[in-house]
Amino acid sequence: SQTGIDLNNEATGLVPTKEWKEKTKNEQWYIGDTYHLAIGQGDLLVTPLQVANFTSAFANNGNLYRPYMVTRILNQNNNPIRNIESQLIRNNFIDINNIKIARQGMREAVTLGSARALQSAPVTSAGKTGTAQWSSKKSPHAWFTGFAPYDNPEIVITILIEQGGEGSSTAVPIAKEVLDWYFKK
Numbered sequence: 002s003q004t005g006i007d008l009n010n011e012a013t014g015l016v017p018t019k020e021w022k023e024k025t026k027n028e029q030w031y032i033g034d035t036y037h038l039a040i041g042q043g044d045l046l047v048t049p050l051q052v053a054n055f056t057s058a059f060a061n062n063g064n065l066y067r068p069y070m071v072t073r074i075l076n077q078n079n080n081p082i083r084n085i086e087s088q089l090i091r092n093n094f095i096d097i098n099n100i101k102i103a104r105q106g107m108r109e110a111v112t113l114g115s116a117r118a119l120q121s122a123p124v125t126s127a128g129k130t131g132t133a134q135w136s137s138k139k140s141p142h143a144w145f146t147g148f149a150p151y152d153n154p155e156i157v158i159t160i161l162i163e164q165g166g167e168g169s170s171t172a173v174p175i176a177k178e179v180l181d182w183y184f185k186k
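The sequence shown begins at 2 in the numbering used here and counts up one residue at a time.
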């Protein structure tokens, strides 16, 4: 669904259901559809903003906030005329134990898995790589989403490189550059 960002024409995305598949594709829902959906495959459609927003819920221990493009508006003299306050959309909609499991898995993607290139980042991070197949004749889309620092997150990063290949080899190095830049103090 839409995140509610303060921009016009946000895409909706799609999380398919049994009813949607029967109505739209005139096909039965199979257990394999559930398995595909669980790993981000199948008819799932998400925008990078939606992925970033959902990732932030794991970074924030189950609190989902409305994203904004700006945190404040300044006048011509650089004096604030409006501050944009965080707006909580939902909380406690994911069991805290499941959040802990997902966070641990995302951390292990960095320490043991496909996002190991982030081990040399200036702060600890957690994330998930992805390789989205969308055509049998073209390269898959490369994804990475994550947050840092792991224990007290300040930033969520979501990278999508269309036809970029593997998330681990294409999107993760870009995430590393972002972390290096952001935490350079």
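Even glycine gets a Cβ: it sits at the ideal position worked out from N, Cα and C. Remember, it's a predicted structure, so these values are computed and weren't measured experimentally.
The Cβ neighbour count for Trp182, taken over all protein chains shown within 10 Å, is under 16; the residue is labelled exposed.
Assignment of Arg91 by DSSP, reduced to helix, strand and coil, places it in the strand class.
Here Ile175 has Phe145, Ile160 and Ile162 as same chain residues with Cβ atoms under 8 Å from its own Cβ, once five neighbours each way along the sequence are excluded. Of the other Cβ atoms in all chains shown, 16 or more fall within 10 Å of the Cβ of Gly165; this residue is therefore buried. Per DSSP, Gly166 is not a residue of any beta strand (DSSP E), being assigned neither H nor E. When beta bridges are read from the DSSP output, His142 appears opposite Ala133. Of all C-beta pairs linking the stretch 146–157 to the stretch 48–65, three or more are shorter than 8 Å, placing the two stretches in contact.
A Cβ-Cβ distance of about 11 Å is found for the pair Ile97 and Phe59, leaving them out of contact under the 8 Å criterion. Taking 8 Å as the upper bound for CB-CB distance, Leu119 and Lys177 are in contact here, some 6 Å apart. Its chain contains Tyr66 as the residues whose beta carbon lies nearer than 7 Å to that of Ser87, once the 5 sequence neighbours on both sides are disregarded; these appear in chain order. Annotation for Gln3: Glu11 and Thr13 place their beta carbon closer than 7 Å to its own, counting only its chain and skipping 5 residues before and after.
Shown here, Phe184 sits in coil according to DSSP, grouped into three states, outside any helix or strand.
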